[in-house]
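Structure record follows, encoded as structure tokens.
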Amino acid sequence: GAVVSQHPSWVICKSGTSVKIECRSLDFQATTMFWYRQFPKQSLMLMATSNEGSKATYEQGVEKDKFLINHASLTLSTLTVTSAHPEDSSFYICSARTGGVYEQYFGPGTRLTVT
Amino acid sequence: GNSVTQMEGPVTLSEEAFLTINCTYTATGYPSLFWYVQYPGEGLQLLLKATKADDKGSNKGFEATYRKETTSFHLEKGSVQVSDSAVYFCALNFGNEKLTFGTGTRLTIIP
Chain A
1 GAVVSQHPSW VICKSGTSVK IECRSLDFQA TTMFWYRQFP KQSLMLMATS
51 NEGSKATYEQ GVEKDKFLIN HASLTLSTLT VTSAHPEDSS FYICSARTGG
101 VYEQYFGPGT RLTVT
Chain B
116 GNSVTQMEGP VTLSEEAFLT INCTYTATGY PSLFWYVQYP GEGLQLLLKA
166 TKADDKGSNK GFEATYRKET TSFHLEKGSV QVSDSAVYFC ALNFGNEKLT
216 FGTGTRLTII P
């Protein structure tokens, strides 16, 4: 149980375009989802926290207009990177938590390459 | 603020060697402590956790004990295998708040 999926697993896009990444909880209802960014050989940086039906809370320094997060249902959250640039190339990981349970379950990650 | 400090890698060991990856934390109060593992090309998996002082988390031969007096949560395994090669992250949180991660330690086990 407690499986989180991400789609796509990898994506290549051209500079200036937008790309959407999906995060789904497959067998539980995710009241809270988290989006992380991981740079090569570095730790995870929390980008934002989203609760179902509410606006996401972004961490300091993360541009909310560039990284649009939507938590539309209890099983789906999306991260849209708008007007992507090569510096946005990274590994994006989501995690999900259900109410009353503090453990986070992580997705397998999405590798974004902007050319 | 809260922070987690891990020993820097990379760490390279021979198969069946003893492993220790150090982790210390700074926090106000008593957080829950975690070790996550990330295999190549994959997301993070929870390896083990401890929620209060003196608790010992264990899984797959790995162990870590929550030491309040030294604010540490060192990861140990008595005999590593090639399949243990991965990046290991120490992390903490309070209740349902966000996780704070260490920088990760890359472990490579050679046959």
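Sequence lines, in order, name chains A and B. Last residue of the first sequence? That's 115 in this note's numbering, and every number before it is there in order. Last residue of the second sequence? That's 226 in this note's numbering, and every number before it is there in order. Cβ atoms here follow ideal geometry from the backbone N, Cα and C, with glycine treated the same way.
- Message: Against glutamine 42 of chain A, what residues of chain B qualify as contacts under a CB-to-CB distance less than 9 Å, listed in chain order?
- Response: Residue 42 of chain A sits at position 42 when you count from the first residue of the first sequence. Those are Thr218, Gly219, listed as they occur along chain B.
- Out of curiosity, what's the CA-to-CA distance linking proline 108 of chain A and serine 77 of chain A? Position 108 of the first sequence, counted from the start, is the residue given in the question as residue 108 of chain A. Position 77 of the first sequence, counted from the start, is the residue given in the question as residue 77 of chain A. Pairing proline 108 of chain A with serine 77 of chain A, the inter-Cα distance amounts to about 14 Å.
- Task: Please look up how many angstroms separate the CB atoms of threonine 31 of chain A and arginine 97 of chain A, rounded, as I've assumed it's under 8 Å.
- Result: Locating residue 31 of chain A in the first sequence gives position 31, counting from the first residue. Locating residue 97 of chain A in the first sequence gives position 97, counting from the first residue. About 7 Å; that satisfies the 8 Å criterion.
- Please name the residue, chosen from B:Ser200, B:Thr215, B:Ser198, that lies closest to alanine 206 of chain B on a Cα-to-Cα basis. The sequence position of residue 206 of chain B within the second sequence is 91, counting from 1. Nearest C-alpha to alanine 206 of chain B: B:Thr215.
- Item | Distance, methionine 122 of chain B Cα to leucine 222 of chain B Cα | Within the second sequence, numbered from 1, the residue matching residue 222 of chain B stands at position 107. Within the second sequence, numbered from 1, the residue matching residue 122 of chain B stands at position 7. Each residue's Cα considered, the two are about 11 Å apart.
- In its own chain, which residues sit with a C-beta less than 8 Å from the C-beta of glycine 176 of chain B, not counting the 5 before and 5 after it? As a working mapping, residue 176 of chain B is identified with position 61 in the second sequence. Within the same chain, glycine 176 of chain B has close Cβ partners Lys192, Gly193, Ser194.
- Item | Span of the beta strand (DSSP E), counted from its first residue to its last, around glutamine 153 of chain B | Counting from 1 along the second sequence, the entry for residue 153 of chain B is found at position 38. Run containing glutamine 153 of chain B: 147-153, per the beta strand (DSSP E) assignment.
- Residues in its own chain within less than 8 Å of glutamine 38 of chain A by CB, not counting five upstream and five downstream? Indexing the first sequence from 1 puts residue 38 of chain A at position 38. Once the five neighbours on either side are set aside, the close Cβ partners of glutamine 38 of chain A are Leu44, Met45, Ser90, Phe91, Tyr92, Ile93, Gly109.
- Task: Determine the chain B residues that contact threonine 98 of chain A at a beta-carbon separation under 8 Å, and present them in chain order.
- Result: Counting from one through the first sequence, the residue named residue 98 of chain A turns up at place 98. The premise fails here: threonine 98 of chain A is roughly 11 Å from chain B at the closest Cβ pair, so nothing lies under 8 Å.
- Task: Find the residues of chain A that neighbour glutamine 196 of chain B, judging by a C-beta separation of less than 7 Å, and give them in chain order.
- Result: In the second sequence, the residue the question calls residue 196 of chain B occupies position 81. Under the 7 Å cutoff, chain A gives no residues; its nearest Cβ is about 22 Å from glutamine 196 of chain B.
- Query: What is the C-beta distance between leucine 134 of chain B and tryptophan 150 of chain B, in whole angstroms, given that I count them as a contact (C-beta under 8 Å)?
  - Reply: To locate residue 134 of chain B, count along the second sequence from 1; it is residue 19. To locate residue 150 of chain B, count along the second sequence from 1; it is residue 35. About 12 Å; that fails the 8 Å criterion.
- Item | Beta-carbon proximity check, lysine 66 of chain A vs tyrosine 58 of chain A, cutoff 8 Å | For the purposes of this step, residue 66 of chain A is taken as the residue at position 66 of the first sequence. For the purposes of this step, residue 58 of chain A is taken as the residue at position 58 of the first sequence. No, these two residues do not count as a Cβ contact at 8 Å.
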